[in-house]
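As given, the protein sequences belong to chains A and B, one line each in that order. So in the working numbering the end of the first sequence lands on 360, straight run, no missing numbers. So in the working numbering the end of the second sequence lands on 272, straight run, no missing numbers. In what follows, a single structure is set out as structure tokens and then discussed.
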Amino acid sequence: MTTPQNAKVQTADHEKVANAAGGDFATFKGAQVSVADRLHQFFHKYPVAAPTIVLLAAIAMFSSIIGGRFLDPFNLSLILQQVTIIGVLGIAQTLIILTAGIDLSVGAVMVLTSVIMGRMAVEVGLPSGAALCIGLIAGGITGWINGLLVTRFRLPPFIVTLGTWNIFFALNLWYSQSETIRSQEIDAVAPLLHWTGTAIDIFGARLTYGSLLMLGLFVVIWYALKWTAWGKHVYATGDDPDSAKLAGIRTDRVLMSVYVVAGVLCAIAAWVLIGRIGSVSPQAGMMANLDSITAVVIGGTSLFGGRGSIFGTLMGALVVGVFRNGLALAGVDVLWQEFTVGALIIVAVGVDQWIRKV
Amino acid sequence: MTTDKRIVFQARGLVKRYGHVTAIDHTDFDLYAGEVLAIIGDNGAGKSSLIKALSGALVPDEGEITLDGKPIHFKSPMDARALGIETVYQNLAVSPSLDIADNMFLGRERRRPGILGSVFRMLDKKGMHDEAKAKLAELGLLTIQNINQAVETLSGGQRQGVAVARAAAFARHVVIMDEPTAALGVKESRRVLNLINDVRAKGLPVILISHNMPHVFEVADRIHIHRLGKRIAIVKPDTHTMSEAVAIMTGALNPEDHPAGAYAA
Numbered sequence: 003m004t005t006p007q008n009a010k011v012q013t014a015d016h017e018k019v020a021n022a023a024g025g026d027f028a029t030f031k032g033a034q035v036s037v038a039d040r041l042h043q044f045f046h047k048y049p050v051a052a053p054t055i056v057l058l059a060a061i062a063m064f065s066s067i068i069g070g071r072f073l074d075p076f077n078l079s080l081i082l083q084q085v086t087i088i089g090v091l092g093i094a095q096t097l098i099i100l101t102a103g104i105d106l107s108v109g110a111v112m113v114l115t116s117v118i119m120g121r122m123a124v125e126v127g128l129p130s131g132a133a134l135c136i137g138l139i140a141g142g143i144t145g146w147i148n149g150l151l152v153t154r155f156r157l158p159p160f161i162v163t164l165g166t167w168n169i170f171f172a173l174n175l176w177y178s179q180s181e182t183i184r185s186q187e188i189d190a191v192a193p194l195l196h197w198t199g200t201a202i203d204i205f206g207a208r209l210t211y212g213s214l215l216m217l218g219l220f221v222v223i224w225y226a227l228k229w230t231a232w233g234k235h236v237y238a239t240g241d242d243p244d245s246a247k248l249a250g251i252r253t254d255r256v257l258m259s260v261y262v263v264a265g266v267l268c269a270i271a272a273w274v275l276i277g278r279i280g281s282v283s284p285q286a287g288m289m290a291n292l293d294s295i296t297a298v299v300i301g302g303t304s305l306f307g308g309r310g311s312i313f314g315t316l317m318g319a320l321v322v323g324v325f326r327n328g329l330a331l332a333g334v335d336v337l338w339q340e341f342t343v344g345a346l347i348i349v350a351v352g353v354d355q356w357i358r359k360v
Numbered sequence: 008m009t010t011d012k013r014i015v016f017q018a019r020g021l022v023k024r025y026g027h028v029t030a031i032d033h034t035d036f037d038l039y040a041g042e043v044l045a046i047i048g049d050n051g052a053g054k055s056s057l058i059k060a061l062s063g064a065l066v067p068d069e070g071e072i073t074l075d076g077k078p079i080h081f082k083s084p085m086d087a088r089a090l091g092i093e094t095v096y097q098n099l100a101v102s103p104s105l106d107i108a109d110n111m112f113l114g115r116e117r118r119r120p121g122i123l124g125s126v127f128r129m130l131d132k133k134g135m136h137d138e139a140k141a142k143l144a145e146l147g148l149l150t151i152q153n154i155n156q157a158v159e160t161l162s163g164g165q166r167q168g169v170a171v172a173r174a175a176a177f178a179r180h181v182v183i184m185d186e187p188t189a190a191l192g193v194k195e196s197r198r199v200l201n202l203i204n205d206v207r208a209k210g211l212p213v214i215l216i217s218h219n220m221p222h223v224f225e226v227a228d229r230i231h232i233h234r235l236g237k238r239i240a241i242v243k244p245d246t247h248t249m250s251e252a253v254a255i256m257t258g259a260l261n262p263e264d265h266p267a268g269a270y271a272a
């Protein structure tokens, strides 16, 4: 054993050596950085930057290949219409993924709530506003069920929503009796359900209220994530739930709120869906689950949670929309559109891995 | 040391059992105003359980805890925080992707005054940033431009600095630090030890849990030695040697048989 005197001398000695080496501790100063480092820092700080650059590059590419037909205001507004449903679902999906979860049930919830809205208005004969509200509440309840299974029973979100995807879809087939409600029937009794498909013409572009609603929702959720304590808690919960708990955040309540909000957003997507296709079909929106995840991933939100931005998802949805539209206008076979989207996903995740490194 | 003899934080006869294991066995605990009290003990001695009981992370089966003479019953770490007891956890409890100010105010964000705050729940970002800056500056941890930096871009010692600054900024009664130097290099440890002294200089008592004897003997006013679930001795750095403290901690010495200074060279 060493005597305390010796120990003290040793302490002083080894620290003197370390101090003599110079350098700073905890001065929060940025070291000298290379261009690549700067770029990395930039993308790290602004996750929306990468998908925005990809979007601008895609627009530039298709403009030069196809030219006027692509840049026509009508065509550009068509792209916006085409991404509206996925955009709204993507907002819901972004919130879930920011908490390090995933929601495979968004598409099923959208179809189920669209059927509820349609039948409440057409079959039950409720005023269309009431039918819409019941649909929104039903969406909230589906989210509450997902949230309860995730927080109370500690089941992984992937498994929970894989299960509820099937359950909600089965309920949808049962409740709809696999029958489509025709567009004319809805027009006759519940024109409000078609409001999202109504368009206004500006300079040759056809903007639907659904698209404007989507943009409005992006702004609202952006504000909630960026400017409220709830938003900070969503990021902290996804980033490191144990730390968040110790810092005083009730992570289960945060998760619950996120799932409920996501459910309501899916019901809003159902409203947009009815406006876009006119009828209410229990078979609509089959691919919406995976498309919403695609938009989030291409939008630069990390599947590991705690990192990403809501407008990234808008950019991600638009990137997919622009590629599909541009390739279609260029006369490329549909299968190559799918191929391109697949490649984009892999590149996006690869870029995310690089950006996530500190 | 300017330690007065007022007891701030006290526990009597604390017990915590997990099945057949008794993690805390009728232990006492005293913290005086303005002192740095180190808690040392072997692995499994029950230090962590004691600290959890004092920071609200576990509810003891028996015994009572008083803060400024008033009995308190923590049900969660939130209760302890509400009473001005802040803990710097070993894992720091910071969110890497959030920035420094966000982390300092995590779980107690401030909103803007007026309708922006009450209806739109808008955060007072500027106010929080300014205060975070001031708190860090107070502890000598800052060059001003980078308060918006994400915590993940900081070094281990810098993160520790943020966690300590957060605790020091919000503690009104006690700061608890669990192994604050365990993951740090020599220079970073030095800086954290200075931070502990700074916190004491602000008049806040500090409970320091550490395995590092030189650090404990350097900053602690008193040392609480924990063994087999209870406090078996309190020693002072100027009356006992490190060897004696370690011997008591491991059971090689019976503290009653070896009064202060017996083994001093």
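Backbone N, C-alpha and C define an ideal beta-carbon position, used for all residues, glycine too.
For a test of the three-state rule: what should DSSP assign to residue 221 of chain A, helix, strand or coil? helix
Would you identify the three-state DSSP class for residue 36 of chain B, choosing helix, strand or coil? strand
Simplified DSSP state of residue 122 of chain A, which is helix, strand or coil: When DSSP states are grouped into helix, strand and coil, residue 122 of chain A belongs to the helix group.
Short CB-CB distance (under 8 angstroms) between residue 79 of chain A and chain B: no
Taking the DSSP output, what are the residues bridged to residue 42 of chain A? DSSP output for residue 42 of chain A lists no bridge partner at all.
Leaving out five residues on either side along the sequence, give the residues of the same chain with a beta carbon under 7 angstroms from the beta carbon of residue 136 of chain B. In the same chain as residue 136 of chain B, and ignoring 5 residues on each side of it, the C-beta atoms closer than 7 angstroms to its own belong to 108 and 154, in chain order.
For the stretch 281-315 of chain A, list every residue whose C-beta sits within 8 angstroms of some C-beta in chain B, in sequence order. Here the close residues are 308 and 309.
Just checking: is the beta-carbon of residue 39 of chain B within a distance shorter than 8 angstroms of some beta-carbon in chain A? no
Is the stretch 122-136 of chain B touching the stretch 171-180 of chain B in the sense that three or more CB pairs, one from each, lie closer than 8 angstroms? no
Name, please, each residue of chain A whose Cβ falls closer than 7 angstroms to the Cβ of residue 204 of chain B. Those do not exist, as residue 204 of chain B stays about 15 angstroms from chain A at its closest Cβ, beyond 7 angstroms.
Count the other CB atoms within 10 Å of the CB of residue 359 of chain A; is the residue buried (16 or more) or exposed (fewer)? exposed
Leaving out five residues before and five after residue 242 of chain A in sequence, what residues of the same chain have Cβ atoms less than 8 angstroms from its Cβ? Within the same chain, and ignoring the five residues on either side of residue 242 of chain A in sequence, the residues whose Cβ sits closer than 8 angstroms to its Cβ are 308.
What number of angstroms, rounded off, separates the C-alpha of residue 52 of chain A from the C-alpha of residue 335 of chain A? 27 angstroms
Please classify residue 17 of chain B: does DSSP put it in a helix, a strand, or coil? strand
Cβ of residue 75 of chain A within 8 angstroms of Cβ of residue 303 of chain A? no
Does residue 56 of chain B get closer than 8 angstroms to chain A when you measure Cβ to Cβ? For residue 56 of chain B, no Cβ of chain A is located within less than 8 angstroms of the residue's own Cβ.
Smallest Cα separation from residue 141 of chain B: which of B:13, B:164 and B:111? B:111
Run through DSSP, which three-state label would residue 130 of chain B get? When secondary structure is reduced to three states using DSSP, residue 130 of chain B falls in the strand class.
Just to confirm the assignment: which complete beta strand (DSSP E) runs, minimum length 3, are found wholly within the stretch 73-160 of chain B? 77-79 and 92-95
Give the DSSP bridge partners of residue 231 of chain B, in chain order. B:46 and B:241
Residues from the stretch 179-206 of chain B in contact with chain A, defined by Cβ distance under 7 angstroms: 193, 194, 195, 197 and 198
Among A:145, A:195, A:46 and A:197, the one whose alpha carbon lies nearest that of residue 167 of chain A: A:145
Could I get the ranges of all uninterrupted alpha helix (DSSP H) runs contained in the stretch 264-313 of chain A, with 4 residues as the minimum, in chain order? 290-300
So, at 7 angstroms on beta carbons, what are the nonlocal neighbours of residue 224 of chain A in its own chain, with the 5 sequence-adjacent residues on each side left out? 312 and 313
Quick one: residues in its chain with C-beta nearer than 6 angstroms to the C-beta of residue 124 of chain B, no 5 flanking neighbours on either side, listed in chain order? 118
Can you pull out the residues from the stretch 105-122 of chain B whose beta carbon lies closer than 7 angstroms to at least one beta carbon of chain A? 105, 109, 113, 114, 115 and 116
Mind checking who residue 210 of chain A pairs with in its DSSP beta bridge? BP columns for residue 210 of chain A point to A:201.
Roughly how many angstroms separate the alpha carbons of residue 106 of chain A and residue 287 of chain A, rounded to a whole number? 13 angstroms
Does DSSP put residue 251 of chain A in a helix, in a strand, or in coil? Coil, per DSSP.
Same chain only: Cβ atoms within 8 angstroms of residue 128 of chain A, ignoring 5 sequence neighbours per side: 122 and 136
Run the CB neighbour count on residue 158 of chain A, radius 10 Å, all protein chains shown included, and call it buried at 16 or more, exposed below. Sixteen is the threshold: since fewer than 16 other Cβ atoms of the shown chains lie within 10 Å of the Cβ of residue 158 of chain A, the residue is exposed.
Residues bridged to residue 205 of chain B [DSSP beta-bridge criterion]: Paired residue(s): none; residue 205 of chain B is not in a bridge.
With a threshold of 8 angstroms between beta carbons, is residue 38 of chain A in contact with chain B? no
Express the C-alpha separation of residue 114 of chain A and residue 269 of chain A in angstroms, rounding to a whole number. 9 angstroms
Give the interface partners of residue 96 of chain B over in chain A, defined as CB-CB distance under 7 angstroms, in chain order. 248
Where do the ends of the alpha helix (DSSP H) carrying residue 169 of chain B lie? 163-177
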